[in-house]
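Those protein sequences? They're chains D and Z, same order as listed.
Just so you know, we're using the working numbering here: the first sequence kicks off at 1 and counts up by one.
Just so you know, we're using the working numbering here: the second sequence kicks off at 1 and counts up by one.
Cβ atoms here follow ideal geometry from the backbone N, Cα and C, with glycine treated the same way.
First the structure, in the form of structure tokens, and then the observations on it.
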Amino acid sequence: MTTSAKGSSWQLQLLLLPCVLLIGALVVYPALYSIYLSLTNASLVGVAATHPRFVGMGNYMRLFTDGGFWHSLFVTFWFVLGSAVIGQFVLGLASALLLRRPLRFKNLFNSIILLPNAVPEVVAGYIWISMLAGGAHATLNRLLGTIGISSVSWLEQFPLIMIIVANTWRGIASAMILMTAGLSAVPPEVSEAARIDGASPRQIFRFITLPLIMPTIFLYMLVSTVTTISIFGFIYALTRGGPGNATEIISIYIYNQSFTTFQLGYGSAVAAVTLVISMAIGLVYVRVLKVEV
Amino acid sequence: MFRKIILTGIAMTSALAIASAQTKTIRIAEHRQARIDALKVVVPDIEKKYNVHIEVVEYPAPEKDYLTKLLTELGAGNAPDIFNVPHGPDVADVIAAGYVAPITTELKAWDGYSQLFDVGKAIATSKDGQIYALPAMLDVMQIYYRRDILEKAGISTEQPKTWAELLDRAKEIKTKTGAYGLLFPAGVAWGTGSFEEGFRLLIVGTSTPQIAADDGKLNVTGQGIKDAFGFYAQLINSDLMPIQPLLEPEPWVVPKYEMFPAGKLAATTGGSWGYIYDWGAQSKNPIPNVTQVVGTWDVPGEQGGKYALVDLNGPWLVNAKSPDVALAKKVMLELASVKADVAYAQNLGNIPGRADAAADPDFQKQTELVPILDALKKGSGTYLKTAEGFSAVAEGVGRATDALLRKKTDATGAQKILVDYVKEVLGNDAIK
């Protein structure tokens with residue numbers, strides 16, 4: 001390495017230092033502290049609040065026999081699959097394809113799709129509560145009432161489906177933006193050549209467009225899966241994990257263990273396991289599927 | 001001239017700096033606008049008396065969120081000097097954590113001590129004999145019923161003598177008026193209120209009337225617990241209380257603030273605040289002539305007896321890690337002055353924790369509350385002893401009654417949910 005290259009490397013490291021320090025202080029240290037907490041019986045109340053006891057792997061052992069934890073993982077799986085992997089992706093891709101075409105009210109459609117992202121998550125949660133609440137005065141029931149359908153307690157009778165629908169609504173814009181970026185990278189002359197060769201629009205999409213945007217799709221899947229696993233505020237505002245524990249996704253389960261039952265140690269253990277699961281999913285996308293991100 | 005101005009400026013700045021250095025700041029945590037407004041009534045007097053600057057730290061309104069934020073700050077060591085917890089049963093858990101400084105000596109030496117009600121002192125005394133909580137305000141819990149609706153329908157307004165009689169009364173209301181007969185708060189969404197405003201009112205009238213045993217363990221396996229869940233099950237399964245609103249966020253809003261004023265719910269448990277905050281002067285949906293229209297029953301015992309349950313309301317505590325614990329204690333005692341008590345009574349409808357508040361002209365204007373305070377002066381009022389772990393019991397009751405609301409279990413199953421939850425949180429050893 002030449003002297004100027006060494007100097008340049010040193011300057012780069014110096015430039016990165018503030019970022020490294022911030023990540024260390026705000027991400028790495030809390031994560032390590034959380035892992036330490038997970039090995040204790042730390043609590044927000046009682047004797048364990050000021051004098052937490054080291055319990056080794058006790059919290060992790062308890063976790064594997066905790067039906068509530070497994071249930072929340074199960075709920076999270078369907079929530080991520082339904083809203084991020086299927087709902088947001090399919091509708092986001094469809095919106096991106098639709099909005100590539102010359103449309104009369106293109107800007108209006110764009111605004112409508114982007115609007116959910118502009119609403120704060122707690123406000124969005126309360127909007128959906130007023131939409132889906134039981135009783136004749138709720139928005140959806142009132143609309144259905146006009147065609148003679150009696151009131152349904154949507155959040156009571158179909159809670160998981162409803163949070164999937166709500167989260168799909170909220171995430172379409174992100175998916176659409178990413179898919180639009182992917183589609184714009186597809187050279188138009190490739191599609192044009194296929195069309196001249198007699199390929200139908202469906203065949204062009206299936207055999208040309210889709211393979212070419214596959215890296216974008218996998219990048220979206222990686223980002224949306226990991227971020228959907230960690231969603232909290234929107235669903236907490238909407239259902240608080242209820243009714244019962246029907247919508248208790250893993251982030252709400254962690255919150256409930258840590259701040260409703262005040263068991264910081266156990267909540268940290270659940271958080272640590274969730275982190276491992278998220279990392280494993282990320283590795284699957286990045287390594288097994290050979291995606292370059 | 002210019003030099004004079006500069007020198008004057010320096011002198012004034014120095015004087016201000018010295019004055020601000022001498023004035024200490026005490027931070028007081030409070031939540032809910034009505035409570036914050038009441039606190040601010042007495043802040044100027046306290047600042048003047050102790051030459052102290054008081055900063056009122058306003059917290060989010062829902063009690064559960066307030067408590068969570070407060071506990072997090074207490075754990076981190078940066079909580080305000082003085083704070084209150086929403087309900088008496090929270091006190092034992094906060095004390096056990098070591099967050100609170102004892103006030104036994106200061107309270108007993110305070111000139112207002114002799115005026116405090118004995119029931120308040122008894123509830124505030126911890127199992128180690130120390131007093132940590134200031135019993136400034138009290139809750140008095142009873143059953144509130146729509147006298148006008150019952151009389152119009154020819155239904156007795158006499159005090160029910162047993163649970164069976166209370167249930168029969170609720171059934172009669174449903175049959176004759178179509179209104180729901182009786183509400184006991186239940187479910188997870190109501191938070192600790194399912195325990196504080198509902199379940200414990202029943203427990204004191206059962207064969208196992210206390211949950212906290214003398215050895216500090218929790219008796220949640222008693223017959224009384226099962227019977228209380230059975231009472232809930234009968235109310236729910238007989239369609240005597242509204243269920244759907246209790247499963248939604250802020251479950252108290254529809255039954256308490258809409259159905260009861262509209263006469264669609266004829267009786268509900270509640271505290272003295274009902275006459276002021278829920279349906280009285282401070283209500284957004286007041287009931288005209290509320291004390292005439294709304295009557296009260298004590299909660300009957302399972303087989304007899306009657307109980308008006310008393311508890312500390314928002315008991316004040318001093319942060320053990322306050323930079324100036326001694327000053328914080330002095331300031332806190334002022335929060336139990338007659339003026340402070342009356343301000344809280346006017347805004348919220350809670351009952352002053354001291355007898356001499358009854359003579360205050362402003363309190364006398366609270367005609368709804370005067371008879372309740374008079375009853376306390378005569379020594380009425382039952383209370384549930386608390387112990388470390390009561391937060392878990394309250395949450396467990398919420399979960400158990402939630403399952404009852406959804407008709408997923410019966411009384412035995414509900415008790416199992418409670419026991420399993422308490423064991424999970426506190427360990428097997430915590431249960432008697």
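Same chain, Cβ closer than 6 Å to residue i, five either side skipped, listed in chain order
i	result
D:F262	S43, L44 and V45
Z:L333	W110
Z:A411	K226, F229, G230 and A233
Z:G381	V119, A308 and V310
Under 9 Å between C-beta atoms of residue i and residue j
i	j	result
D:S95	D:M176	yes
Z:A266	Z:T409	no
D:S278	D:G267	no
D:T209	D:S191	yes
Z:G295	Z:D118	no
Z:W297	Z:I149	no
Z:T208	Z:Q415	no
Z:T162	Z:G389	no
Z:L67	Z:D90	yes
Z:W252	Z:W190	yes
Z:G398	Z:A186	yes
D:A246	D:N167	no
Z:V204	Z:Y59	no
Z:L435	Z:R169	The first residue shown for chain Z is 1 and the last is 432, placing residue 435 of chain Z beyond what the model contains.
D:G92	D:M179	yes
D:G265	D:Y253	no
D:T65	D:V55	no
Cutoff 9 Å: residue i Cβ touching any chain Z Cβ
i	result
D:V293	With a pLDDT of only 48 at D:V293, under 50, the local geometry of the prediction cannot be trusted, and no value is derived from it.
D:S153	yes
D:H71	no
D:E121	no
D:E156	yes
D:A136	no
D:P30	no
D:G242	yes
D:F109	no
D:G56	no
D:L264	yes
D:A295	As displayed, chain D neither begins before 1 nor continues past 293, which places residue 295 of chain D out of reach and without an answer.
Selected residue, minimal CA-CA separation from residue i, among the options
i	options	result
D:Y36	D:S191, D:N256 and D:G58	D:G58
Z:E395	D:N256, D:E189 and D:L39	D:N256
Z:N285	Z:T291, Z:K256 and Z:Q159	Z:K256
Z:E248	D:W70, D:S251, D:G56 and D:S153	D:S153
D:V80	D:M221, D:R240 and D:S38	D:M221
Z:V140	Z:Q130, Z:G314 and Z:A92	Z:G314
Z:V302	Z:T206, Z:A212 and Z:P288	Per the sequence presented here, residue 302 of chain Z reads as Glu, with Val not at that position. The residue with the shortest Cα to Cα distance from Z:E302 is Z:T206.
Z:V56	Z:E368, Z:A281, Z:R32 and Z:D429	Z:R32
Z:E424	D:P18, D:H51 and D:F69	D:F69
D:S38	D:L26, D:P18, D:M61 and D:I23	D:M61
DSSP-derived helix/strand/coil call for residue i
i	result
Z:T125	strand
D:Q263	coil
Z:T501	Residue 501 of chain Z is absent from the structure shown; chain Z starts at 1 and stops at 432.
Z:V85	coil
D:V293	With a pLDDT of only 48 at D:V293, under 50, the local geometry of the prediction cannot be trusted, and no value is derived from it.
Z:K408	coil
D:F105	coil
Below-9 Å beta-carbon distance, residue i vs any chain D residue
i	result
Z:S391	yes
Z:D93	yes
Z:K64	yes
Z:R406	yes
Z:N285	no
Other residues of its chain near residue i: CB distance less than 8 Å, five sequence neighbours each side excluded
i	result
Z:V331	I26, I28, I46, Y50, V52, I54, D81 and I82
Z:D374	A358
Z:V393	P89, F195, I211, L218, V220, L418 and V422
D:G145	A136 and S151
Spatial neighbours of residue i in its chain, beta-carbon cut-off 7 Å, leaving aside the 5 residues before and after
i	result
D:E156	G134 and P243
D:G125	F234, A237 and L238
Z:G120	P135, L138, L312 and G353
Z:L116	P135, G353 and R354
D:G282	L222 and V226
Z:V293	R146, R147, D148 and I287
CB contact check: residue i to chain B, cutoff 9 Å
i	result
Z:T386	Given the protein chain composition of this structure (D and Z), no chain B is represented.
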